[in-house]
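These notes concern the structure reproduced below.
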Amino acid sequence: MEDIQTICQQTICSTYARLPVVFVRGEGCRLWDEAGREYLDFLAGIAVCNLGHSHPEVAETLCAQAKTLVHVSNLFFTQPQVKLAAELTRLSFADKVFFANSGAEANEAAIKLARKYSKDRHGDGRFHIITMRDSFHGRTLATLSATGQEKVHKGFEPLVEGFTFVEFNSLEAVAAAITDKTCAVMVEPIQGEGGVNLPKPGYLPELKALCQKHDLLLIFDEVQTGMGRTGTLFAHEQEGVTPDIMTLAKALGNGLPIGAMLATDEAAQAFTAGAHATTFGGTPLVTAAAGQVLQLLSQPSLLATVQEKGGYFMQRLRELQSRHAIIQEVRGRGLMIGLELTVPGTKMVEACLRRGAIINCTHDTVLRFLPPLIVDNDQIDRLIEILDEVLKEDSP
Ligand code: PLP
Numbered sequence: 004m005e006d007i008q009t010i011c012q013q014t015i016c017s018t019y020a021r022l023p024v025v026f027v028r029g030e031g032c033r034l035w036d037e038a039g040r041e042y043l044d045f046l047a048g049i050a051v052c053n054l055g056h057s058h059p060e061v062a063e064t065l066c067a068q069a070k071t072l073v074h075v076s077n078l079f080f081t082q083p084q085v086k087l088a089a090e091l092t093r094l095s096f097a098d099k100v101f102f103a104n105s106g107a108e109a110n111e112a113a114i115k116l117a118r119k120y121s122k123d124r125h126g127d128g129r130f131h132i133i134t135m136r137d138s139f140h141g142r143t144l145a146t147l148s149a150t151g152q153e154k155v156h157k158g159f160e161p162l163v164e165g166f167t168f169v170e171f172n173s174l175e176a177v178a179a180a181i182t183d184k185t186c187a188v189m190v191e192p193i194q195g196e197g198g199v200n201l202p203k204p205g206y207l208p209e210l211k212a213l214c215q216k217h218d219l220l221l222i223f224d225e226v227q228t229g230m231g232r233t234g235t236l237f238a239h240e241q242e243g244v245t246p247d248i249m250t251l252a253k254a255l256g257n258g259l260p261i262g263a264m265l266a267t268d269e270a271a272q273a274f275t276a277g278a279h280a281t282t283f284g285g286t287p288l289v290t291a292a293a294g295q296v297l298q299l300l301s302q303p304s305l306l307a308t309v310q311e312k313g314g315y316f317m318q319r320l321r322e323l324q325s326r327h328a329i330i331q332e333v334r335g336r337g338l339m340i341g342l343e344l345t346v347p348g349t350k351m352v353e354a355c356l357r358r359g360a361i362i363n364c365t366h367d368t369v370l371r372f373l374p375p376l377i378v379d380n381d382q383i384d385r386l387i388e389i390l391d392e393v394l395k396e397d398s399p
């Protein structure tokens, strides 16, 4: 057979600028390529494999379920789906869950629910949603329209109507944007694709108060921040505030395609029979695996180590900052960490890969680290050594 990278270029739409490596196997925080070369993974499939690659208990649950029942559709009840919903609601603010297949789909459900809730309650014309500049909510037409980044919109106009973008972290900007057409505010508790941007203390609780004052639903997109990434099961737990709607995906399946929209009973009442649907959402196969993932990721002992290791990692990155003038800022929470550079970071991602470490660059100048949550301090030290070498090479 011809080389995989050549066949990929010939046969798969070129929507990704892929790095030149073909992975064949993963275990924990490590991946191996076709030639048997080992890599240290500080990306986890973009905040997905939080339990590490090929987690034995998840793999076992998945294999057992594959041999038992894979799919019957949502016209029937299945045990794994209902058990997962019961656990998600027990462990969160939410009363109801809608299962989807990705983050974008979970956000589509949230957008539709907000519009429908407002229509049922207030009648026509109240369908605008305020979202943030530099946000990212997905690539379907509605979710790219909700995304506050022009490069994501380009070429797909006309966009879905009714999204207003305001500065992240500015309550004044939200207050000024509210009109009699507004039905909801949608925000990532920490912006991921936008460059690992943290909320100012008090911003999210005050945003909730503003929403309550104007009878707007508050939607937290926790697709990237959720499932233990920041050291609590959901990032908003550290902010002392709960939303009306939350979306999850990515690490919920540790690599299996699953998304979920969670809502309070009050908000969820607008989703009546036939209001929304998906053939694959919440199949027994993915929900059995996600149930196992949730059980492991919600353990307080694991979540505590995420905060500890995140603290250690950030301290080691700050040491690097003191030696490398091109590091402008180190910021993050738990194991969602960004390193803002004064120069574009793509070359450094490539240089790390050549040295056997996988990292990512987002928003042009932010090196982003999203390792599996089981990463250890020796692996963090090894990455710091590699970064030190790479930054030396690239320093002006
Ligand atoms: N929301 C956030 C915050 C994300 O980071 C992403 C993906 O990066 C999405 C939504 C879209 O998720 P998906 O790629 O699964 O559609």
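Residue numbers (our numbering): 4 to 399. Every residue gets a Cβ at the ideal spot worked out from N, C-alpha and C, and that includes glycine.
Cα atoms of residue 257 and residue 358: separation of roughly 26 Å, rounded to the nearest angstrom. Here the alpha carbons of residue 311 and residue 390 stand approximately 21 Å from one another. Less than 7 Å separates the beta-carbon of residue 283 from that of residue 104.
Residue 226 has its CB nearer than 6 Å to a heavy atom of the ligand PLP. In this structure, residue 366 has its beta carbon at no less than 6 Å from each heavy atom of the ligand PLP.
In this structure, residue 247 keeps its C-beta atom at 7 Å or more from the C-beta atom of residue 233. Around the beta carbon of residue 381, fewer than 16 other beta carbons sit within 10 angstroms, so the residue counts as exposed. Going by DSSP, residue 224 is part of the beta strand (DSSP E) stretching over 220 to 224. Taken from the Cβ of residue 252, at least one heavy atom of the ligand PLP lies inside 6 Å.
Three or more Cβ pairs closer than 8 Å define a contact, and the region 228 to 245 falls short of that threshold against the region 165 to 181.
Set against 6 Å, the gap from the CB of residue 301 to the closest heavy atom of the ligand PLP is not smaller. Under the DSSP assignment, residue 349 falls in the alpha helix (DSSP H) whose first and last residues are 349 to 357. Residue 253 and residue 343 have their C-alpha atoms spaced approximately 24 Å apart. For residue 317, the uninterrupted alpha helix (DSSP H) segment begins and ends at 303 to 326.
By the Cβ rule, the region 125 to 137 does not count as touching the region 284 to 295, because fewer than three pairs are nearer than 8 Å. If you ignore the 5 residues before and after residue 319, its C-beta comes within less than 8 Å of the C-beta of 383, 384, 387, all in its own chain and listed in chain order. Close CB contacts of residue 242 within its chain, under the 6 Å cut and outside five residues either way in sequence, are with 207 (chain order). Under the 10 Å beta carbon count, residue 224 is surrounded by 16 or more other beta carbons and is classified as buried. Runs of the alpha helix (DSSP H) lying entirely within the region 153 to 205 and spanning at least 4 residues, in chain order: 153 to 156, 174 to 180. As computed with DSSP, residue 131 is found in a beta bridge with 185.
The closest heavy atom of the ligand PLP lies less than 6 Å from the beta carbon of residue 107. Per DSSP, reduced to three states, the secondary structure at residue 150 is coil, with no helix or strand assignment.
Note on geometry: alpha-carbon atoms of residue 221 and residue 107 lie some 17 Å from one another. For residue 295, the uninterrupted alpha helix (DSSP H) segment begins and ends at 287 to 300. Beta-bridge annotation (DSSP): residue 30 is paired with 33.
In the displayed model, residue 74 falls within coil according to three-state DSSP, outside both helix and strand. Residue 299 is positioned such that its CB atom lies no closer than 7 Å to that of residue 338. Residue 42 carries a strand assignment under DSSP once its states are collapsed to helix, strand and coil.
Residue pairing by DSSP places residue 100 opposite 265 in a beta bridge.
Residue side-chain check: residue 156 keeps its Cβ at 6 Å or more from all non-hydrogen atoms of the ligand PLP.
Here the alpha carbons of residue 162 and residue 156 stand approximately 7 Å from one another. An exposed status is given to residue 159, since fewer than 16 other beta-carbon atoms sit within 10 Å of its beta-carbon. Using a Cβ distance threshold of 7 Å, residue 366 and residue 198 count as a contacting pair.
In the DSSP assignment, residue 331 falls within the unbroken beta strand (DSSP E) covering 330 to 336.
Less than 7 Å separates the beta-carbon of residue 265 from that of residue 95.
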